[in-house]
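Written out below as structure tokens is the structure these notes cover.
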Amino acid sequence: MRLSHSLCLVVLFLGTIGAAEAKTINTEAVNLRVETLKSVFSHPWGITELPDGDLLITERNGKLKRLTPNGLVVSILGTPKNVFQEGQGGLLDIALAPDFATSQRLYLSYAAVDEQGQAGTEVMMATLSKDVLIDNRVIFKALPKRGGGRHFGSRLLVTSNHLYITLGDRGQRNRAQFADDHLGALVRLNLDGTVPKSNPFTKVDDKRAEVFSFGHRNIQGIALDNNGTRIWAHEHGPQGGDELNVILAGENYGWPTITYGVNYGLGTQIGEGTSHPGMRQPVYYWDPSIAPSGMTMVNSQQFPMWNGDLLLGSLKFGLLVRLELENGQVTHEERMLEGQFGRIRDVIQARDGSLLILTDRRNGSVLRVTPLSE
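Each residue of the sequence shown is one higher than the one before, starting from 1 at the first, in our numbering.
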């Protein structure tokens with residue numbers, strides 16, 4: 001039996017965003033106003049904006065919250081029951097279907113546990129109806145499931161026709177080289193959860209048809225460029241060697257045969273070194289690691305000086321990182337906000353052109369970034 005809206009609505013906090021705390025941050029091209037909208041979220045992981053300006057925010061503890069422009073925080077009911085809350089697991093990313101304004105359909109990714117206590121990334125498609133998720137359907141399960149709480153991915157990218165799901169190797173590093181399961185892969189589905197006939201391995205017997213690319217360690221950022229033709233993704237390396245890649249169908253991105261990182265604590269080589277025939281080189285890499293998370297490409301009237309640049313968060317140093325691009329290459333890196341707001345888990349561009357940032361902590365924040373008025 002469906003609960004009435006009045007019973008399902010859970011109001012957690014009522015405040016006024018207009019009275020939010022703000023800081024001024026100096027950067028190379030523009031001074032920023034960084035406004036703390038709310039700091040009541042338990043290790044928030046993913047954020048998206050609804051057409052009416054409300055924000056949906058996932059928490060690793062399995063809860064989904066809605067934040068309104070006037071500061072109201074509401075719990076959304078109907079989230080998955082089998083969320084695995086251990087290590088890097090939990091309720092992870094959220095994305096809206098292209099026709100959300102009419103269908104109210106969205107996607108959630110999360111670490112899910114089975115009856116044997118094994119865990120893996122899953123994706124649920126659901127309809128948002130008066131602060132309740134209904135018509136819930138699991139459209140993807142990363143297999144095989146494994147024990148432990150490492151490397152679930154998982155970012156979601158929705159394009160006009162496809163859903164991209166980023167995954168990790170679940171600590172089983174050698175599995176990333178085979179593409180006969182989902183470990184260490186990036187998956188592409190149709191928006192209804194079926195497999196596109198144009199996927200690179202649909203007619204390859206020893207590969208999974210859902211796999212779009214493989215040889216990844218743990219992808220936690222993905223973005224479509226402003227002309228809709230190129231997909232960018234970044235992934236965590238081991239000790240050193242976080243990577244930024246352009247994703248191409250059927251390509252092998254090398255992990256763990258090649259990497260610019262080394263074994264934790266030992267400094268010893270992993271695999272064959274940094275190159276191997278037939279394996280893609282990163283467009284850019286970080287050494288030491290910055291632990292990147294979340295990513296968007298700027299296309300904003302508020303930040304015209306940054307249009308076409310990639311912005312991503314850093315968990316390790318609490319950074320907002322800006323990457324200038326030219327002809328598919330990184331030509332400059334700027335590091336902003338270092339340590340001032342804590343671990344940055346996600347960054348998106350709002351419909352008004354401002355930037356929205358999530359910080360990863362027990363009382364995690366939603367920050368709004370705008371240019372500072374003269």
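Idealized CB from N, CA, C, for every residue including glycine.
Item checked: Three-way DSSP call (helix, strand, coil) for Asn227 in this model -> In the sequence shown, counting from the first residue as 1, residue 227 sits at position 227. Asn227 falls in the coil class under three-state DSSP.
Next item on the list: Measure from the alpha carbon of Gln118 to the alpha carbon of each residue in Met125, Asn82, Arg105, then state which is nearest.
Entry: Here residue 118 is taken as the residue at index 118 of the sequence shown, counted from 1. Of the listed residues, the one whose Cα sits closest to Gln118 is Asn82.
Item checked: 4 or more residues per run - each alpha helix (DSSP H) lying fully within the segment 260-324 -> none
Check: Where Gly221 and Arg345 are concerned, what is the direct C-alpha to C-alpha distance, given to the nearest angstrom?
Finding: Counting from one through the sequence shown, the residue named residue 221 turns up at place 221. Counting from one through the sequence shown, the residue named residue 345 turns up at place 345. Taking the straight line from one Cα to the other gives about 10 Å.
Next item on the list: Please determine if the segment 297-307 and the segment 29-39 are in contact, where contact requires at least 3 C-beta pairs separated by less than 8 Å.
Entry: Touching, per the Cβ criterion.
Next item on the list: State the DSSP-derived secondary structure class of Gln177, mapped to helix, strand or coil.
Entry: If you number the sequence shown from 1, residue 177 lands on position 177. It is helical.
Notebook entry, point to check: From Thr36 to Asp352, what does the alpha carbon distance come to, in whole angstroms?
Noted result: Taking the first residue of the sequence shown as 1, we reach residue 36 at position 36. Taking the first residue of the sequence shown as 1, we reach residue 352 at position 352. The alpha-carbon atoms of Thr36 and Asp352 are separated by roughly 17 Å.
Notebook entry, point to check: DSSP on Phe100, reduced to helix/strand/coil?
Noted result: Along the sequence shown, one-based indexing puts residue 100 at 100. Of the three classes helix, strand and coil, the one that applies to Phe100 here is helix, per DSSP.
Notebook entry, point to check: Cβ atoms of Phe341 and Ser365: under 9 Å apart, would you say?
Noted result: For the purposes of this step, residue 365 is taken as residue 365 along the sequence shown, with counting starting at 1. For the purposes of this step, residue 341 is taken as residue 341 along the sequence shown, with counting starting at 1. With contacts defined as CB atoms closer than 9 Å, Ser365 and Phe341 qualify as a contacting pair.
Checklist line | Pairwise C-alpha distance: His332 and Asn226 | finding: Taking the first residue of the sequence shown as position 1, residue 226 is located at position 226. Taking the first residue of the sequence shown as position 1, residue 332 is located at position 332. So the two alpha carbons sit approximately 19 Å from each other.
Checklist line | When Tyr107, Ser275, Leu128, Val132 are compared against Glu122, the one with the closest alpha-carbon | finding: Taking the first residue of the sequence shown as position 1, residue 122 is located at position 122. Comparing Cα positions, the closest option is Tyr107.
Item checked: For Ile357 and Leu367, the rounded distance between their alpha carbons -> The residue you call residue 367 lines up with position 367 of the sequence shown. The residue you call residue 357 lines up with position 357 of the sequence shown. So the alpha carbons of these two residues sit roughly 5 Å apart.
Next item on the list: Check Lys197 in the structure and name its three-state DSSP category.
Entry: If you number the sequence shown from 1, residue 197 lands on position 197. Correct three-state label for Lys197: coil.
Notebook entry, point to check: Using DSSP with H/G/I as helix, E/B as strand and the rest coil, what is Tyr164?
Noted result: Translated into positions along the sequence shown, residue 164 becomes position 164. Three-state result, Tyr164: strand.
Notebook entry, point to check: Applying the criterion that 16 or more other CB atoms from any shown protein chain within 10 Å of the CB defines a buried residue, is Glu59 buried or exposed?
Noted result: Along the sequence shown, read from residue 1 onward, the residue named residue 59 stands at position 59. Buried, since its Cβ has 16 or more Cβ neighbours within 10 Å.
Check: Sorted by chain position, which residues of the same chain lie with C-beta nearer than 8 Å to Gly62's C-beta, five sequence neighbours on each side aside?
Finding: Reading the sequence shown from its first residue, position 62 is the one you call residue 62. The residues are Thr79, Pro80, Val83, Gln85, Gly90, Leu91, Tyr110.
Check: Run through DSSP, which three-state label would Leu172 get?
Finding: Walking along the sequence shown from the start, residue 172 turns up at place 172. According to the sequence displayed, residue 172 carries Gln and not Leu. Coil at Gln172, not helix or strand.
Note to self: Once DSSP output is grouped into helix, strand and coil, what is the label at Pro44?
What the structure shows: Reading the sequence shown from its first residue, position 44 is the one you call residue 44. Three-state result, Pro44: strand.
Check: In or out: Ile134 buried (at least 16 other Cβ within 10 Å) or exposed?
Finding: The residue labelled residue 134 in the question sits at position 134 within the sequence shown. Ile134 is exposed by the Cβ-count criterion.
Notebook entry, point to check: Does DSSP put Val113 in a helix, a strand or coil?
Noted result: In the sequence shown, residue 113 corresponds to position 113, counting from 1. In the structure shown, Val113 sits in a strand (DSSP, three-state: E or B).
Note to self: Is it buried or exposed, Glu21, if we count other Cβ atoms within 10 angstroms and call 16 or more buried?
What the structure shows: Counted from its first residue, the sequence shown places residue 21 at position 21. Exposed.
Next item on the list: Please report how far the alpha carbon of Val369 lies from the alpha carbon of Ala126, in whole angstroms.
Entry: The sequence position of residue 369 within the sequence shown is 369, counting from 1. The sequence position of residue 126 within the sequence shown is 126, counting from 1. Whole-angstrom Cα-Cα distance: 30 Å.
Check: From Ala185 to Tyr164, what does the alpha carbon distance come to, in whole angstroms?
Finding: Walking along the sequence shown from the start, residue 185 turns up at place 185. Walking along the sequence shown from the start, residue 164 turns up at place 164. Each residue's Cα considered, the two are about 11 Å apart.
Notebook entry, point to check: Hey, out of Asn307, Lys316, Arg173, whose CA is closest to Leu389's CA?
Noted result: The shown model of the chain, from 1 to 374, leaves out residue 389, and the question about it has no answer.
Next item on the list: Indicate the three-state DSSP secondary structure (helix, strand or coil) for Arg217 in the structure shown.
Entry: What you label residue 217 is simply residue 217 of the sequence shown in a count that begins at 1. Reduced to three states, the DSSP call for Arg217 is coil.
Notebook entry, point to check: With 16 as the cutoff for other CB atoms within 10 Å, does Tyr285 come out buried or exposed?
Noted result: Your numbering for residue 285 matches position 285 in the sequence shown. Classification for Tyr285: buried.
Check: If you follow the beta strand (DSSP E) that Arg362 is part of, which residue opens it and which one closes it?
Finding: As a first step, residue 362 must be located in the sequence shown, where it is residue number 362. Here Arg362 belongs to no beta strand (DSSP E), and DSSP marks it neither H nor E.
Notebook entry, point to check: In whole angstroms, what separates the C-alpha of Asn70 from that of Leu56?
Noted result: As a first step, residue 70 is located in the sequence shown; it is residue number 70 there, counting from the start. As a first step, residue 56 is located in the sequence shown; it is residue number 56 there, counting from the start. Answer to the nearest angstrom: the Cα atoms are 14 Å apart.
Margin query: Please classify Ala101 as buried or exposed, where buried requires at least 16 neighbouring CB atoms within 10 angstroms.
Written below: As a position in the sequence shown, residue 101 is number 101, starting the count at 1. Its Cβ having fewer than 16 others within 10 Å, Ala101 is exposed.
Next item on the list: Quick one: residues in its chain with C-beta nearer than 7 Å to the C-beta of Lys145, no 5 flanking neighbours on either side, listed in chain order?
Entry: Taking the sequence shown and counting its residues from 1, one reaches residue 145 at position 145. Around Lys145: Asp114, Gln118, Ala119, Gly120.
Note to self: Suppose you measure from the CA of Gly271 to the CA of Thr259; what does that come to, to the nearest Å?
What the structure shows: Working through the sequence shown from its first residue, we reach residue 271 at position 271. Working through the sequence shown from its first residue, we reach residue 259 at position 259. Roughly 8 Å between the two C-alpha positions.
Item checked: Cβ neighbours of Asp360 in the same chain (closer than 6 Å, five flanking residues each side left out) -> Taking the first residue of the sequence shown as 1, we reach residue 360 at position 360. Setting aside the 5 residues that flank it on each side, Asp360 is surrounded in the same chain by His43, Arg343, Arg345, each with a C-beta closer than 6 Å to its C-beta; the list follows chain order.
Next item on the list: Measure the CB-CB distance between Gly168 and Arg150 and report whether it falls below 9 Å.
Entry: Indexing the sequence shown from 1 puts residue 168 at position 168. Indexing the sequence shown from 1 puts residue 150 at position 150. At the C-beta level, Gly168 and Arg150 come within 9 Å of one another.
Note to self: In the DSSP output, what is Val30 paired with across the bridge?
What the structure shows: Reading the sequence shown from its first residue, position 30 is the one you call residue 30. Beta bridge pairing from DSSP links Val30 with no other residue.
Item checked: Close-in-space but distant-in-sequence residues of the same chain around His162 (CB under 8 Å, 5 per side omitted) -> As a first step, residue 162 is located in the sequence shown; it is residue number 162 there, counting from the start. If we look at His162 and ignore the five residues flanking it on each side, its Cβ neighbours are Arg188, Leu189, Asn190, Leu191, Pro196.
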